[in-house]
């Protein structure tokens, strides 16, 4: 293979060969990561805004982001302002795979306070390079303040059910086995799913579908999927109205009538004739059958 390359004098980025030749990252994922790492200092780009500029399409970019998350090049962290109760999300990109909780926490620890506290965008400042890690120097700005009040803690029964589900998760899927501290941290996310009507089957499907091999950080993967795939609130189903039968002939009573006898048994309408003939239109299906049997 012949190569002809002229080193650029400016506006260039250096990408490790491990990323370019990564066996599990598709071309869209590599390009998305390179794009994010090439952003200038202070850029307000987000994963979504980058994806809108890429010709691969929204679904391809979404899959690429999932690959970067699963391989340790993209991490998401949510935090709550203790004073206002508002939540913010930080997205960190790195040009090396960060796979342990210690590495991820150290990388997020390089976030610098924003010099402009009045920034209406609510976006966190760029992520600087760590002392020992080659960390991506720019944020992928899903760093937005959610203008929602501090949410109350989930009910105790939901927390208990969530903890039991997370403890059993590793028994069914060993790759997602979690420690006690990780379970405690993830309980509120699972409880939020359950509060929205999700069953354990829904949770299991969301957490175990299309798992990478190997799973390098089970807790990080579970947290990402619980946050990114939170289901919509399921509206309560309307109860099915049942018709009450007449105490005498067992024909259905009119809707809304819960006790008593029908108008025919009360003598308010003529009795059904004993010879075949046209059936009153007002009778419903069950009454038609019974009237036919009597005839």
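Numbering (our numbering), first residue to last: 34 to 328.
Using N, Cα and C, we set each Cβ at its ideal position, and we do this for glycine too.
Is it true that the stretch 65–77 meets the stretch 259–266, where meeting means three or more beta-carbon pairs spaced less than 8 Å apart?
Result no; under three Cβ-Cβ pairs closer than 8 Å.
Pick helix, strand or coil for residue 125, following the three-state DSSP scheme.
As a working mapping, residue 125 is identified with position 92 in the chain shown. Strand, per DSSP.
Take residue 64 as the anchor and find which of 278, 97 and 50 has the nearest alpha-carbon.
As a working mapping, residue 64 is identified with position 31 in the chain shown. If we check each option's Cα against that of residue 64, 97 comes out closest.
Of the residues 90, 92 and 68, which one's Cα is nearest the Cα of residue 127?
The residue you call residue 127 lines up with position 94 of the chain shown. Nearest option by C-alpha distance: 68.
Where does residue 219 land, buried or exposed, given buried means 16+ other C-beta within 10 angstroms?
Counting from one through the chain shown, the residue named residue 219 turns up at place 186. By the neighbour-count rule (16 or more Cβ atoms within 10 Å), residue 219 is buried.
Thinking C-beta only, is residue 250 closer than 8 Å to residue 109?
Taking the first residue of the chain shown as position 1, residue 109 is located at position 76. Taking the first residue of the chain shown as position 1, residue 250 is located at position 217. Their beta carbons are not under 8 Å apart, which means residue 109 does not touch residue 250 by this criterion.
Closer than 7 Å by C-beta to residue 191: which residues in its own chain qualify, once you throw out the five before and the five after it? Chain order, please.
Position 158 of the chain shown holds residue 191. Closer than 7 Å at the Cβ level, and outside the excluded window around residue 191, lie 224, 227 and 228.
With 16 as the cutoff for other CB atoms within 10 Å, does residue 52 come out buried or exposed?
The residue labelled residue 52 in the question sits at position 19 within the chain shown. The residue in question, residue 52, is buried, as its Cβ has 16 or more Cβ neighbours within 10 Å.
Roughly how far, in whole angstroms, is the beta-carbon of residue 252 from the beta-carbon of residue 215, given that I think they are within contact range, below 8 Å?
Against the chain shown, residue 252 aligns to sequence position 219. Against the chain shown, residue 215 aligns to sequence position 182. Going by Cβ atoms, the distance from residue 252 to residue 215 rounds to 4 Å, so yes, they are a contact pair.
If you measure between the beta carbons of residue 254 and residue 103, is that distance less than 8 Å?
On the chain shown, position 221 is the one that residue 254 refers to. On the chain shown, position 70 is the one that residue 103 refers to. Taking 8 Å as the Cβ cut-off, residue 254 and residue 103 qualify as a contacting pair.
Quick one: what does DSSP say residue 98 is sitting in, helix, strand or coil?
As a position in the chain shown, residue 98 is number 65, starting the count at 1. Reduced to three states, the DSSP call for residue 98 is helix.
Measuring alpha carbon to alpha carbon, tell me which of 49, 195, 99 and 301 ends up nearest residue 234.
Here the question's residue 234 lines up with position 201 in the chain shown. Closest option to residue 234, Cα to Cα, is 195.
Give the secondary structure of residue 110 by DSSP, where H, G and I count as helix, E and B as strand, and everything else as coil.
Translated into the one-based positions of the chain shown, residue 110 becomes position 77. Note: residue 110 maps to strand in three-state DSSP.
May I ask you to list the residues that DSSP assigns as paired with residue 116?
Along the chain shown, read from residue 1 onward, the residue named residue 116 stands at position 83. None; residue 116 has no bridge partner.
Identify which residue in 202, 95, 245 and 55 has its Cα closest to the Cα of residue 129.
Start at 1 with the first residue of the chain shown, and residue 129 comes out as number 96. The option with the nearest alpha carbon to residue 129 is 55.
Hey, is residue 225 close to the ligand SAH, as in C-beta under 7 Å from one of its heavy atoms?
By its list of ligands, the structure shown contains no ligand whatsoever, and the ligand SAH lies outside what it can speak to.
How big is the Cα-Cα spacing for residue 111 and residue 99?
One-based indexing of the chain shown puts residue 111 at position 78. One-based indexing of the chain shown puts residue 99 at position 66. Whole-angstrom Cα-Cα distance: 17 Å.
What first and last residue would you give for the alpha helix (DSSP H) that runs through residue 50?
Position 17 of the chain shown, counting from 1, holds the residue named residue 50. Unbroken alpha helix (DSSP H) run through residue 50: 50–53.
Could you check the C-alpha separation between residue 302 and residue 232 for me, to the nearest Å?
Here residue 302 corresponds to residue number 269 of the chain shown, with the count starting at 1. Here residue 232 corresponds to residue number 199 of the chain shown, with the count starting at 1. Cα-Cα distance, rounded: 51 Å.
Taking only the alpha-carbon atoms, compute the straight-line gap between residue 189 and residue 197 and give it to the nearest angstrom.
As a position in the chain shown, residue 189 is number 156, starting the count at 1. As a position in the chain shown, residue 197 is number 164, starting the count at 1. Taking the straight line from one Cα to the other gives about 12 Å.
Here's the rule I'm using: 16 or more other beta-carbon atoms within 10 Å means buried, otherwise exposed. How should residue 39 be labelled?
Within the chain shown, residue 39 is the residue found at index 6, counting from 1. Residue 39 should be labelled exposed.
Output needed for residue 279: all residues of its chain with C-beta closer than 7 Å, excluding positions within five of it in sequence on either side, in chain order.
Taking the first residue of the chain shown as position 1, residue 279 is located at position 246. Contacts found: 286, 294, 295 and 298.
Along the alpha helix (DSSP H) that carries residue 210, what are the first and last residues, could you check?
The sequence position of residue 210 within the chain shown is 177, counting from 1. Counting along the chain, residue 210 falls outside any alpha helix (DSSP H), and DSSP gives it neither H nor E.
Where does residue 281 sit, in a helix, a strand or coil, going by DSSP?
Looking up residue 281 in the chain shown gives position 248. Correct three-state label for residue 281: coil.
I'd like to know whether the C-beta atoms of residue 94 and residue 107 end up nearer to each other than 8 Å.
On the chain shown, residue 94 is found 61 positions in, with the first residue counted as 1. On the chain shown, residue 107 is found 74 positions in, with the first residue counted as 1. For residue 94 and residue 107, no; Cβs fall outside 8 Å.
Quick check on the burial criterion: 16 or more other C-beta atoms within 10 angstroms. Buried or exposed for residue 184?
Working through the chain shown from its first residue, we reach residue 184 at position 151. Interpretation of residue 184 is limited by its pLDDT of 42, a score under 50 that renders its predicted location unreliable; the figure taken from the coordinates is listed afterwards. Classification of residue 184: exposed, given that the 10 Å Cβ count is below 16.
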